[in-house]
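> Note that the sequence shown covers residues 1 to 471 in full-length UniProt numbering.
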Amino acid sequence: MTSLIIITLTSMSLLLAAGETIPTTLDGPFKPLTRRFDPSLRRGSDDLPMDHPRLRKRNVSSNFPEQIALALSTPTSMWVSWVTGLEPETKYYYRCGDSSVSAMSEEISFETLPLPSKDAYPHRIAFVGDMGLTSNTTTTIDHLMENDPSLVIIVGDLTYANQYRTIGGKGASCFSCSFPDAPIRETYQPRWDAWGRFMEPLTSKVPTMVIEGNHEIEPQASGITFKSYSERFSVPASESGSNSNFYYSFDAGGVHFVMLGAYVDYNHTGAQYAWLKEDLSKVDRAVTPWLVATMHPPWYNSYSSHYQEFECMRQEMEELLYQHRVDIVFAGHVHAYERMNRIYNYTLDPCGPVYITIGDGGNIEKVDVDFADDPGKCPSPGDNIPEIGGSCPLNFTSGPAKGKFCWDRQPDWSAFRESSFGHGILEVMNLTHALWTWQRNQDVYKNYSSGDQIYIVRQPNVCTPPAISRY
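(1) For the candidate residues 360, 311, 351, 436, whose alpha-carbon lies nearest to that of residue 133?
(2) Below 8 Å on the Cβ atoms is my contact criterion, and I expect residue 28 with residue 415 to pass it. Report the Cβ-Cβ distance as a whole number of Å.
(3) For residue 119 and residue 410, what's the separation of their Cα atoms in angstroms?
(4) Tell me whether the stretch 317-324 and the stretch 385-394 touch, counting them as touching only if at least three CB pairs, one residue from each stretch, are closer than 8 Å.
(5) Per DSSP, residue 92 forms a beta bridge with which residues?
(6) Which class does residue 462 belong to by DSSP, given the choice of helix, strand or coil?
(7) Excluding sequence positions up to five away, which residues of its chain have a Cβ less than 7 Å from the Cβ of residue 198?
(8) Taking the CB atoms as reference points, tell me whether residue 242 and residue 136 lie closer together than 9 Å.
(9) If you measure between the beta carbons of residue 260 and residue 276, is that distance less than 9 Å?
(10) The ligand GDP and residue 28: does any heavy atom of the ligand fall closer than 8 Å to the residue's C-beta?
(11) Suppose you measure from the CA of residue 227 to the CA of residue 218; what does that come to, to the nearest Å?
(12) With a threshold of 8 Å, are at least 3 pairs of Cβ atoms found where one atom belongs to the stretch 338-345 and the other to the stretch 295-309?
(13) Which two residues bound the contiguous beta strand (DSSP E) that contains residue 409?
(14) Are the beta-carbon atoms belonging to residue 475 and residue 92 less than 9 Å from one another?
(15) Is the distance from the Cβ of residue 152 to the Cβ of residue 208 below 9 Å?
(16) Suppose contacts are defined by Cβ-Cβ distances below 9 Å. Is residue 354 in contact with residue 334 by that definition?
(17) How long is the line joining the alpha carbons of residue 418 and residue 26, rounded to whole angstroms?
(18) Given this structure, state the Cα-to-Cα distance separating residue 39 from residue 281, to the nearest angstrom.
(19) Kindly indicate the opening and closing residues of the alpha helix (DSSP H) around residue 120.
(20) Got a sec, what are the start and stop residues for the beta strand (DSSP E) residue 417 sits in?
Have a look at this one:
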């Protein structure tokens, strides 16, 4: 039996045993801080080869089942098993494979999550995005696993298989190619299988939830998109009232998660918006006090890369999230880290969500290092156009950037940003306090010191729901 220790948190900053303090969001808004890319480090690394020990296929005689390399046109090759009747907060042991040919896996275990309750929370929730399969990815995942999470959330862009083309039956890395000789951008499915083998030590033991990113689109000549994402992952879409695997919700103890799709219709007249509105209206904050949203692209982003790319989505959906007092919004897409001050509609707001960009999982496209407020680095309104959806470039109407597309300094809503690979851990302490820790990859060599750490504090008695939204 596990005991839950409730800590009463009353001061503006929480004291550590060593006498240091961890700030809380009540101390904010914080003065913008930038930690620029360390030029002594490499911005990126090469993809791991298919014969890398963590990617290569296993011999069936080793008594471990092997994943089958799939073509996008053969979804019937996928095998999914549903396990029912599980008890909460219970460890289960299992094997998988085919006992008739002596091809069973080793014994593996996992622990189920707590039931929805204001008094029970996952031990640690790991967030990571834009992973790929590089040596940086291995550092990210090794570091993440050492933090022993009880739940993992991947905010899109998993394998980067779409950046491979098939040459002579083999995959060749070509992430900068435009493929002029092909009607579509090719995608090499064995990279998906390799990614599955690479992630197996984590995903076979820890509940893992995903949302799609742009690298999962994988357009095919027949007009089919997201085939691998749709076939390889089972998410609780129908269980949460959604008719699409691209957006859904679920509970983990006292946290309600809303997973939003940025590459399907997000217009306020569409199915996703209607689903989101109904889902949020059903959330009982007495049972699940914490409300967390995730999506692949960030709405708030001060890097040049993907700057204001999904402004249309923000304009359509932000008010609904604000109305229902979403606490935290996680995103990826930008290959770096950034945490915002509480914000709503580009205005500092003590009741707005804390937006966090965690697209720094280690992919081959390198770390993003340019900021839109750097001299000469402001994109033009037509530079960042999403693969799916429209473009809604915005000139600011107030503040230091009034009348401009970009700020000339780090925006006041950007609390902290750093160009490094890493991952984050959310530890929900009780119904009002959660500890967020971002750990850059190089911290693994520095006694695990965190790159960013803050207590995110809910104020349900102050931040009561505002009036009904316009839609």
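Every residue, glycine too, gets a C-beta built ideally from N, C-alpha and C. Computed from a prediction, not measured in an experiment: that's the story for all the values here.
Here's the rundown:
(1) Of 360, 311, 351, 436, the residue nearest in Cα terms is 360.
(2) So it is a contact: roughly 7 Å between Cβ atoms.
(3) Rounded to whole angstroms, residue 119 to residue 410 spans 39 Å at the Cα level.
(4) At 8 Å Cβ cutoff, the stretches do not touch.
(5) Under DSSP, residue 92 takes part in a beta bridge, and its partners are 110.
(6) In the structure shown, residue 462 sits in coil (DSSP, three-state: anything other than H, G, I, E or B).
(7) Within the same chain, residue 198 has close Cβ partners 54, 55, 133.
(8) Not closer than 9 Å, so no.
(9) Yes; because the gap between Cβ atoms is below 9 Å, this pair is in contact.
(10) Of ligands this structure carries none, so the ligand GDP is not represented either.
(11) Answer to the nearest angstrom: the Cα atoms are 7 Å apart.
(12) Proximity of the stretch 338-345 to the stretch 295-309 meets the contact definition, three or more beta-carbon pairs being nearer than 8 Å.
(13) Going by DSSP, residue 409 is part of no beta strand (DSSP E) at all; its letter is neither H nor E.
(14) An answer regarding residue 475 cannot be provided, because it is not within the stretch 1 to 471 covered by the chain.
(15) Contact: yes.
(16) No.
(17) One Cα belongs to residue 418, the other to residue 26, and the distance between them is close to 22 Å.
(18) Between residue 39 and residue 281, the alpha-carbon positions lie close to 48 Å from each other.
(19) From DSSP, residue 120 is part of no alpha helix (DSSP H); its letter is neither H nor E.
(20) It spans 414-418 - the beta strand (DSSP E) in which residue 417 sits, taken as one unbroken run.
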